[in-house]
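Novice: Handing you this structure, nothing more for now.
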Amino acid sequence: MATSRERGALTHPDVHKLSDVNRDILKILSRPGKGWWMLFGLAAAGVGLFLVSWGNQIVNGIGESGLNSPVGWGVYITTFVFWVGIAHSGTLISAILFLFRAPWRQSVYRAAEAMTVFAVMTAGLFPLIHVGRVWHAYWLFPYPNSRFLWPNFRSPLIWDVFAVTTYFTVSAVFFYLGTVPDVAAARDQATGLRKKLYQVISLGWQGTDRQWHHFGKAYIFLAALATPLVLSVHSVVSWDFAMSIVPGWHATIFAPYFVAGAIFSGVAMVITLAVPIRKVWGLEAYLTTKHFDALAKLCLLTSLIVLYAYLSEFFMAWYSGEEIERTAFWNRLFGDYWWATWTMLTCNGLVPVMLWFKRVRHSIPALFVISFFINIGMWFERYVIVVTSLHHEYEPFAWGIYRPSLTEMGIMVGSFAWFGFWFLLFTRLLPPVAIAELKEVLPPPLRKQSKEAH
Amino acid sequence: MAHIHLPGEIPVRYLDRSKGASTVAGTLVVVGLVAFVVRLGQDAQSAWISYVTNWLFFTGIAMGGVLLSVATWITKAKWNWSLRRVSQSFVAFLPVAFVLLLPMLGLREGYFPWIEEMAHDPILQRKAAYLNVPFLITRNVVAMALLTGLALYFVYLALRPDMGYAKGAEGEDEVRAGWREKLSQNWMGQDAEEANSYKRMTTMAPAFVIFYAVGMSIFVYDWAMSLEPHWFSTMFGPWFFMGAFWGGIASTALWSLYLRTKDRVFHHEIGLQQRHDLGKLAFAFTVFWTYLFFSQYIVIWYGKLPWEQAWIIRRSAEPWGGFSALVVSLCFVVPFAGLIGRKAKLKPALLATFTSVILTGLWLERYALVAPSLHHEGDPIFTIWQPLIGCLFLGLYILAVRWFLSTFPAIQLWQPKPDPESTEAERA
């Protein structure tokens, strides 16, 4: 995209020629190393664990999970919200940062978009798992049927079905559109079956002026369409909670608070994924410390927004003067699940404080570790919201403790493997760094420069 | 999207001092002051409601304008290079706003219902650690002092390197030279000054953003939310301070369009790019304001809790329903439909119209946050006194901003150097 040519665009001092880009990025597709196969084996095993756990629940019933009255939502909903959240940064980076003309996005956005698509695919499994009788899952969709039964359109859970499927559709299209020129580049080098596949995917891309023109128009149009979706999806997810009057859920700030948290965790996940990609395939020249610096700053900003939301929730619970509100938040901090709350506060509020320091932002290992903390913290944030609010609702006789079962933990851990499985396949099939956009920010191959390069 | 063109040398230009404009603004101040005093005699509570809502509005847009220059500084934005000074100029109103805050701190039972209700309401008694007069005064003074101080320091740093360029430039008179002398004490040389300012501004900018969020939340909790002491909403702070940011953007647009009519240089440098981007931001925040408004509304509507609903019902039922609908149409319907296209963002007349609509909508919104909570049945909901007392604030705001833009170069002359670590793409 021409936008990357703005002043101050990050260039890549160690990339000398345009042809280097094709070579460096496309080699990822052709040579799976030992590391890749090991990771892939691990992911496949995890998917096995996932299937076994889910199979156990399908055969023996939802009783295999730890869900029971009063905590009817547990690890499944926590993990669902976690993955929907992860899905946010992809579109943020590719659409919103595109509209804001932030040129540093070009190196990371392809991986982030892929992450979005796979994260929604992972998240989408959890409502199916959670409903228990998965063969009835199609009841969630409004379709004309013989008994004139419709889902309850007033339920935020149904809004969620629409929000998430819309988001999935738009981000998948957006992701696909961006890959077309790059797949064409891969097509020109591939042979055999791969070439056939790329020919289909690249839609006959020739890189003519006319095609680029249409491509640019479609891209900006989809970016504008996807931008409100980033806000809407997680807002609707937050309303699954906020619409009810469960203390700890019913807060007006929930929508923007969830969106900020989603971007926070999503950007952390981009860092978590980008570090090994950079290392394994030697992409240091493309994913420079400047890119990580920018990602870290985004993490810091969203961490502050999330912290504002935490503090205003605690303050407002106290300020309300309502017994129920105050007890709910006291219980969060010092009740049965105090460890989850303090994990959340430490990982999301305290650990990111380190990102204020440039030295930390420029240290890839440090960022990698911090991004793990953020991922853990954001999972616990949802766990805190879901479980602590339900286990301590209005009537004391109905209070209870929830303990996740092995089946639930198996499915939760397995979901990471499922996500990793798709992501690893993606790195083998599609160029994980946007070739065409990278070339936009490299100096054009003028005679003078090519002389210098030699 | 266009490449952002920065001229190699930016000419020094001041906004002309204009007797006419000063007279108009001065008249506004006098009219507002007289109106306030007269209204104070008639109906003290109503007078104070007008005073406080206007304070919230004008302090908000002034803070929001500074926030725009701070936020674009943090993100290393270049498109607004010719508008930086315009949004910085709002800082001149902040010391005035600080003084205007002081009489508000004398308000007691006549404005804050919780002072009397505290005695016999057990729920309110639990809030006594926050809702008490000494703490109210302390936190407002501290928040305002901190925000004003940080804003002034940021703008001071932004102005300082310009003084090197302004020296001996065309249009410098005694007053301007006097301020230049004051601002360029301990001058370290042009390059050192620029490097120093750049470093310090970049370091302190996030602090302003953090205090902005906290401080503005404190203001709106105290001057609007606490008027219905049983009501609370975690969204209230963000809704208010993002609205203020939006107001800062809209008024930056209006002032820059005004500058364009005054001088050929302004006319040329506040170009298509700047108008298009301002228009896009104003449009985006239209949607964002509505998003925040709706997210708060739907949670309360769906939850149907009596103490939460009361606030919404008071504003949606008669006699306030029509007024609230007007606020929503001025803040959402009209600017959304108007600014969605490209033409409205580029045409100065259209951009000015729609940003004025936005500012009017926000001004009415501030009133709708406060007035219905204190409304007595049978009283008119909106009287001519509201705009009349608003004249006091409008006049002072115009005087302050005009003073700033006519005393200091109205386009920032130094621009941050491109990051040495990232070389430019199109050098070749």
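Order-wise, the sequence lines are chains A and B. The opening residue of the first sequence carries number 36 in my numbering; numbering runs sequentially from there. The opening residue of the second sequence carries number 50 in my numbering; numbering runs sequentially from there. Backbone N, C-alpha and C fix where the C-beta goes; we use that ideal spot for every residue, glycine too.
Secondary structure at I193 of chain A, three-state DSSP: helix, strand or coil?
Specialist: Along the first sequence, read from residue 1 onward, the residue named residue 193 of chain A stands at position 158. DSSP places I193 of chain A in helix when its eight states are reduced to three.
Novice: Quick check: what's the CA-CA separation for L64 of chain B versus L330 of chain B?
Specialist: Sequence index remark: in the second sequence, residue 64 of chain B carries index 15 (1-based). Sequence index remark: in the second sequence, residue 330 of chain B carries index 281 (1-based). Straight-line Cα distance between these residues: approximately 25 Å.
Novice: Enumerate in chain order the residues of its own chain whose CB-to-CB distance from L308 of chain A is below 8 Å, with the five nearest sequence positions on each side excluded.
Specialist: Position 273 of the first sequence, counted from the first residue, corresponds to residue 308 of chain A. The residues are A146, M150, F458.
Novice: Identify the continuous alpha helix (DSSP H) that holds N95 of chain A and give its terminal residues.
Specialist: Your numbering for residue 95 of chain A matches position 60 in the first sequence. Per DSSP, N95 of chain A belongs to the alpha helix (DSSP H) from 69-95.
Novice: Starting from the C-beta of W319 of chain A, find all residues in its chain whose C-beta is less than 7 Å away, skip the five residues before and the five after it, and write them out in chain order.
Specialist: Your numbering for residue 319 of chain A matches position 284 in the first sequence. Inspection of the sequence shows that residue 319 of chain A is occupied by Glu rather than by Trp. The answer, listed in chain order, is R313.
Novice: Are the C-beta of S455 of chain B and some C-beta of chain A separated by less than 8 Å?
Specialist: As a first step, residue 455 of chain B must be located in the second sequence, where it is residue number 406. By this cut-off, S455 of chain B is not an interface position.
Novice: Say whether chain A places a C-beta atom closer than 8 Å to the C-beta of Q345 of chain B.
Specialist: Numbered from 1 along the second sequence, position 296 holds the residue referred to as residue 345 of chain B. Taking Cβ atoms only, chain A reaches closer than 8 Å to Q345 of chain B, which makes this a yes.
Novice: Might you give, ordered along the chain, the residues of its own chain that have their beta carbon closer than 6 Å to the beta carbon of E26 of chain A, omitting 5 neighbours on each side?
Specialist: As shown, chain A starts at 36 and ends at 489. That puts residue 26 of chain A outside it, with no answer to give.
Novice: Could you confirm whether any beta carbon from chain B is found closer than 8 Å to the beta carbon of L339 of chain A?
Specialist: Position 304 of the first sequence, counted from the first residue, corresponds to residue 339 of chain A. Cβ-Cβ to chain B under 8 Å: yes for L339 of chain A.
Novice: Pairing CB atoms from the segment 431-451 of chain B with CB atoms from the segment 390-409 of chain B, are three or more of them under 8 Å?
Specialist: Judged by Cβ distances under 8 Å, the segment 431-451 of chain B makes no contact with the segment 390-409 of chain B, as fewer than three pairs qualify.
Novice: So the alpha helix (DSSP H) S378 of chain B belongs to, where does it begin and stop?
Specialist: As a position in the second sequence, residue 378 of chain B is number 329, starting the count at 1. Note, S378 of chain B: premise wrong, no alpha helix (DSSP H); not H, not E.
Novice: Pick out the complete alpha helix (DSSP H) segments inside the segment 220-266 of chain B, 4 residues or longer, and give them in chain order.
Specialist: Qualifying alpha helix (DSSP H) stretches, in chain order: 223-232.
Novice: Under a Cβ-count criterion, where at least 16 other Cβ atoms within 10 Å of its own Cβ denotes burial, should M193 of chain B be classed as buried or exposed?
Specialist: Along the second sequence, one-based indexing puts residue 193 of chain B at 144. A buried status is given to M193 of chain B, since no fewer than 16 other beta-carbon atoms sit within 10 Å of its beta-carbon.
Novice: Within 8 Å (strictly less), CB to CB, does S503 of chain B reach chain A?
Specialist: Chain B is shown only over 50 to 477; residue 503 of chain B falls outside these bounds and no answer can be derived.
Novice: On the CB-based measure, 16 or more other CB atoms within 10 Å of its CB, does D275 of chain A come out buried or exposed?
Specialist: Locating residue 275 of chain A in the first sequence gives position 240, where the first residue counts as 1. Answer is buried; the Cβ neighbour count reaches 16.
Novice: Please state the DSSP three-state secondary structure of K314 of chain A.
Specialist: As a working mapping, residue 314 of chain A is identified with position 279 in the first sequence. It is helical.
Novice: Taking any Cβ of chain B, which residues in the segment 271-303 of chain A have a Cβ under 9 Å from it, in chain order?
Specialist: S273, W274, A277, M278, S279, I280, H285, A286, T287, I288, F289, A290, P291, Y292
Novice: Where do the N-terminal and C-terminal ends of the alpha helix (DSSP H) with Q94 of chain B fall, by residue?
Specialist: Locating residue 94 of chain B in the second sequence gives position 45, counting from the first residue. That run of the alpha helix (DSSP H) goes 93-123.
Novice: Measuring only the C-alpha atoms, how far is P469 of chain B from L260 of chain A?
Specialist: Here residue 469 of chain B refers to the residue found at position 420 of the second sequence. Here residue 260 of chain A refers to the residue found at position 225 of the first sequence. With a pLDDT of 47 at P469 of chain B, under the threshold of 50, the predicted position of this residue should be treated as unreliable, though the coordinate-derived value follows. When rounded, the distance between both Cα atoms is 36 Å.
Novice: For the candidate residues A:F408, A:Y202, A:S273, whose alpha-carbon lies nearest to that of L257 of chain A?
Specialist: Counting from one through the first sequence, the residue named residue 257 of chain A turns up at place 222. Distances from the alpha-carbon of L257 of chain A to those of A:F408, A:Y202, A:S273 put A:Y202 closest.
Novice: Please tell me whether V145 of chain B and L441 of chain B are closer than 8 Å, where the distance is taken between their beta carbons.
Specialist: Your numbering for residue 145 of chain B matches position 96 in the second sequence. Your numbering for residue 441 of chain B matches position 392 in the second sequence. Taking 8 Å as the Cβ cut-off, V145 of chain B and L441 of chain B do not qualify as a contacting pair.
Novice: What residue range does the alpha helix (DSSP H) around G286 of chain B cover?
Specialist: On the second sequence, residue 286 of chain B is found 237 positions in, with the first residue counted as 1. Per DSSP, G286 of chain B is one residue of the alpha helix (DSSP H) stretching across 285-309.
Novice: Assess contact between the segment 163-174 of chain A and the segment 132-142 of chain A, defined as three or more Cβ pairs (one per stretch) separated by less than 8 Å. Is contact present?
Specialist: Too few Cβ pairs lie closer than 8 Å, so no.
Novice: Which residues in chain B sit within 9 Å of P263 of chain A, going by Cβ to Cβ distance?
Specialist: On the first sequence, position 228 is the one that residue 263 of chain A refers to. Correct list: V336, Y340.
Novice: T197 of chain B and F147 of chain B: beta carbons closer than 8 Å?
Specialist: Locating residue 197 of chain B in the second sequence gives position 148, where the first residue counts as 1. Locating residue 147 of chain B in the second sequence gives position 98, where the first residue counts as 1. Yes.
Novice: Whole angstroms are fine: how far does the CA of A220 of chain A sit from the CA of E475 of chain B?
Specialist: Start at 1 with the first residue of the second sequence, and residue 475 of chain B comes out as number 426. Start at 1 with the first residue of the first sequence, and residue 220 of chain A comes out as number 185. Unreliable positioning characterises E475 of chain B in this predicted model, as indicated by a pLDDT of 34, which lies under 50. The coordinate reading is nonetheless provided below. Rounded to the nearest angstrom, the two C-alpha atoms are 24 Å apart.
Novice: Is DSSP giving Y437 of chain A helix, strand or coil here?
Specialist: Locating residue 437 of chain A in the first sequence gives position 402, where the first residue counts as 1. Residue state, collapsed to three classes: coil.
Novice: Does Q137 of chain B pass the burial test, meaning 16 or more other C-beta atoms within 10 Å, or should it be called exposed?
Specialist: Here residue 137 of chain B refers to the residue found at position 88 of the second sequence. With 16 or more other Cβ atoms within 10 Å, it is buried.
Novice: Could you give the residue range of the alpha helix (DSSP H) that holds R363 of chain B?
Specialist: Against the second sequence, residue 363 of chain B aligns to sequence position 314. Run containing R363 of chain B: 355-365, per the alpha helix (DSSP H) assignment.
Novice: Short of 6 Å in beta carbon distance, which residues of its chain neighbour Q461 of chain B, apart from the five on each side in sequence? Order them along the chain.
Specialist: Residue 461 of chain B sits at position 412 when you count from the first residue of the second sequence. Result list for Q461 of chain B: R133, R134, in chain order.
Novice: Residues of chain A with a CB under 9 Å from the CB of Y179 of chain B: which are they?
Specialist: Stepping through the second sequence from its first residue, residue 179 of chain B is reached at position 130. The contacting residues are F350, W353, Y354.
Novice: Would you grab the beta carbon distance between I121 of chain A and V468 of chain A for me? Rounded to a whole angstrom, and I think it's under 8 Å.
Specialist: Against the first sequence, residue 121 of chain A aligns to sequence position 86. Against the first sequence, residue 468 of chain A aligns to sequence position 433. With 8 Å as the limit, I121 of chain A and V468 of chain A do not qualify as a contact, their Cβ atoms being about 20 Å apart.
Novice: Is any beta-carbon of chain A found at less than 8 Å from that of I259 of chain B?
Specialist: Indexing the second sequence from 1 puts residue 259 of chain B at position 210. Yes, I259 of chain B lies at the interface with chain A (some Cβ there is under 8 Å from its Cβ).
Novice: In chain A, what lies closer than 8 Å to I349 of chain B by C-beta?
Specialist: Position 300 of the second sequence holds residue 349 of chain B. In chain order: T287.
Novice: What is the residue span of the alpha helix (DSSP H) that V135 of chain B lies within?
Specialist: Mapped onto the second sequence, residue 135 of chain B falls at position 86. Run containing V135 of chain B: 133-137, per the alpha helix (DSSP H) assignment.
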